[in-house]
Amino acid sequence: MNHYTWTYVAGGGRNIPVGVYHSSKKGHLIIYVGKKITSIDFKVLDSKEYTFFIDNELCRIKLKRKGDQMYYYFEIDKKADTPMNRARWAMERKFLWQLVAALAVFALVVTGFVIFLNHQNRPKTTDIEKLLAAQASETIAKVIIEPGDQAPKISYHFVAQNQGFSSKPDNHNKPLVVSINGMPLESGDEFIVEYVPSNPSVNRIDFQRPTKQQVQVYQERVAIKHLALHPDEAPQIVKCKVQVAFDLGGIGGLADFYFQNTTKDKNSDHNELSYSRLTHSLPFQKKVKEDCWQ
């Protein structure tokens, strides 16, 4: 059962919890605001949107399916034609010209102040390392990749203390993003993330620590890639060879198999030469003979 929560700050400084319970298998869904259930739905297995009001503000919870994953978003709609938004627009039109100069100056001051505060309060790398070393907890993070022709954006999402946290998108200048462990990254890949329980926004994903399930996903991807290049080989033998590559070389061994038709100038660590060295090595051939041909 997926559970995501947000906090709506109402008038008078009241914090109103907003949340959604959603069964990933059956699709049953409950949305609540404070102590009141606002929506109940069944068999929600695809993208969908729900609207409701909090203190005359039109709010939305959006479910967006991307592949096998479902992502959840909460937002306040300030563009819809509602009494609250009409009053807001009228006020903006009335004072627009009078406030333009003051707002410009104010925006510059605020921007400078925020930049200063962020610079002052941003944890340094050494501080983050100390915090994580002293009190880190671990959980599973899922990678999210927004594709682009030149600069895909990579972030990750995890849940800690019944709340979702997302990293800032990191731009990469290559269409194919290769992780530190050697295998390409795809949306939905899972890795261990460390975070500070008292402040989960201080966190660090470890791309060298894929989950056990992610290792199985890697092996399936490698087997599919190998079979595409060697369609005459038996799938069970290929699966066994991939397992031997992992047993002997870990994730790096799987990367050697995955990039077996890649030249060294395109991937200096895992390529056709590293694949050849692995598969022609005595330990590999001996273990394949023992494990795969009996």
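Quick note: to get the working numbering, add 578 to the position in the sequence shown (first position is 1).
Think of the CB as a built atom: it goes at the ideal place given N, C-alpha and C, for glycine as much as any other residue.
Going along the chain, which residues of its own chain have a beta-carbon closer than 7 Å to the beta-carbon of M662, five neighbours each way excluded?
Closer than 7 Å at the Cβ level, and outside the excluded window around M662, lie N634, E635.
Roughly how many whole angstroms lie between the Cα atoms of R592 and K614?
Answer to the nearest angstrom: the Cα atoms are 16 Å apart.
Report the option in A658, F743, D705, E627 whose CA atom is closest to the CA atom of T583.
The residue with the shortest Cα to Cα distance from T583 is F743.
Would you list the residues sitting across from F736 in a DSSP beta bridge?
According to DSSP, which records beta bridges pairwise, F736 is partnered with F743.
According to DSSP, is I758 helix, strand or coil?
Here I758 sits in coil by DSSP.
Determine contact between the stretch 842-861 and the stretch 771-781, defined as no fewer than three beta-carbon pairs at a distance below 8 Å.
Result no; under three Cβ-Cβ pairs closer than 8 Å.
Cβ of L832 versus every heavy atom of the ligand HEM: is any distance shorter than 7 Å?
Ligands displayed in this structure: none; no statement on the ligand HEM is therefore possible.
Under DSSP, the alpha helix (DSSP H) around L832 begins and ends at which residues?
Per DSSP, L832 belongs to the alpha helix (DSSP H) from 813-836.
Check the DSSP bridge columns for E772 and list the partner residues they point to.
E716, R782, per the DSSP bridge assignment.
Determine the DSSP secondary structure at T857, reduced to helix, strand or coil.
Helix, per DSSP.
If L641 sits next to S617, beta carbons under 8 Å apart, how far is it from one beta carbon to the other, in whole angstroms?
The pair is not a contact, with the Cβ atoms about 11 Å apart (cut-off 8 Å).
Just tell me which of H735, R787, I632, I802 has its CA closest to the CA of T660.
If we check each option's Cα against that of T660, I632 comes out closest.
What are the boundary residues of the alpha helix (DSSP H) that includes E798?
First-last of the alpha helix (DSSP H) with E798: 790-807.
Leaving aside the five residues before and after V622 along the sequence, list all residues of the same chain whose C-beta is less than 8 Å from its C-beta, in chain order.
So the qualifying residues of the chain are H600, G605, H606, L607, L641.
Tell me whether the stretch 822-830 and the stretch 802-809 touch, counting them as touching only if at least three CB pairs, one residue from each stretch, are closer than 8 Å.
Short answer: they don't touch.
To which residues of the same chain is Y610 closer than 6 Å at the C-beta, ignoring the five residues directly before and after it?
G597, listed in sequence order.
Roughly how many angstroms separate the alpha carbons of E764 and A679, rounded to a whole number?
E764 and A679: Cα-Cα distance of roughly 47 Å.
Express the C-alpha separation of F736 and I783 in angstroms, rounding to a whole number.
Looking at the two C-alpha atoms, the distance is approximately 10 Å.
Mapping DSSP to helix, strand and coil, what is A597?
It is worth fixing the name first, because residue 597 is Gly in this sequence and not Ala. Reduced to three states, the DSSP call for G597 is strand.
Looking only at its own chain, which residues have a Cβ that is under 6 Å from the Cβ of K867, when we skip the five neighbours before and after it?
Cβ within range, chain order: n/a, list empty.
Do Y650 and I639 count as a contact pair if the criterion is CB distance below 8 Å?
Yes. Within cutoff.
Using only alpha-carbon positions, find the residue among K720, A658, M761 that is nearest to R799.
Ranking the options by Cα distance to R799, first place goes to M761.
I815: buried (16+ other C-beta within 10 angstroms of its C-beta) or exposed?
Result: exposed.
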